[in-house]
Amino acid sequence: MAAWASEVSVAQVPGSSLGASLGMTGAERWPHVFSPIRLGPLELPNRIVMSGMHTNLEAFPDGFRRLAAFYGERARQGVGLIVTGIYSPLASRDGEDHSPCFNTEGDVDRHRQVTAAVHHEGGRILLQLGHDAATVSA
31 MAAWASEVSV AQVPGSSLGA SLGMTGAERW PHVFSPIRLG PLELPNRIVM SGMHTNLEAF
91 PDGFRRLAAF YGERARQGVG LIVTGIYSPL ASRDGEDHSP CFNTEGDVDR HRQVTAAVHH
151 EGGRILLQLG HDAATVSA
């Protein structure tokens, strides 16, 4: 359990006046949120999931170092599972200059530093793959 989970009072959570009046922490009020869970072969330390979002950090010259630091910090703060923004398995996405792609060995190597940073902090990460259906022809 993340250290902050046992320290956060439900008085700090909107709509939680009952728990606050009882002097309960977030972990006491919502024990399942902070308990481990198994998803197939994957054991997560808790049920807190960071939804996928694009940071566009990969567009910078040192972008994957920045991305590793960004996601590593979220894992350090206790996120159980981090979902990345969408990466395309296609070589290009309708001419967009900085669309994140994942289709070469170089892409795999760059993402390894992100995965390593998250795992170093005890987190888990899921690379979200997808494509723009408008660019795919039959």
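Under the working numbering, the first residue of the sequence shown carries the number 31, and numbering increases by one thereafter.
Yeah, the Cβ is synthetic: ideal placement off N, Cα and C, and Gly gets one too.
Remember, it's a predicted structure, so these values are computed and weren't measured experimentally.
Spatial neighbours of residue i in its chain, beta-carbon cut-off 7 angstroms, leaving aside the 5 residues before and after
i, result
"residue 72", "154"
"residue 151", "102, 105, 106"
CB contact flag (residue i, residue j, <7 angstroms)
i, j, result
"residue 98", "residue 147", "yes"
"residue 84", "residue 108", "no"
"residue 111", "residue 87", "no"
"residue 82", "residue 113", "yes"
Distance between residue j and residue i (C-alpha atoms, nearest Å)
i, j, result
"residue 142", "residue 134", "13 angstroms"
"residue 158", "residue 139", "16 angstroms"
"residue 144", "residue 156", "11 angstroms"
"residue 129", "residue 100", "19 angstroms"
"residue 63", "residue 95", "30 angstroms"
"residue 89", "residue 149", "23 angstroms"
"residue 65", "residue 92", "36 angstroms"
Element boundaries [beta strand (DSSP E), containing residue i]
i, result
"residue 68", "67 to 69"
"residue 114", "111 to 117"
"residue 73", "72 to 74"
"residue 107", "Here residue 107 belongs to no beta strand (DSSP E), and DSSP marks it neither H nor E."
"residue 155", "154 to 159"
Neighbourhood of residue i by C-beta, 8 angstroms cutoff - its chain only, sequence neighbours within 5 removed
i, result
"residue 131", "117, 118, 119, 120, 121, 122, 123, 137"
Cut-off 6 angstroms between Cβ atoms - residues of its own chain near residue i, not counting five sequence neighbours on either side
i, result
"residue 160", "116"
"residue 67", "74, 77"
"residue 79", "111"
Alpha helix (DSSP H) segment containing residue i, residue limits
i, result
"residue 142", "135 to 150"
"residue 59", "56 to 59"
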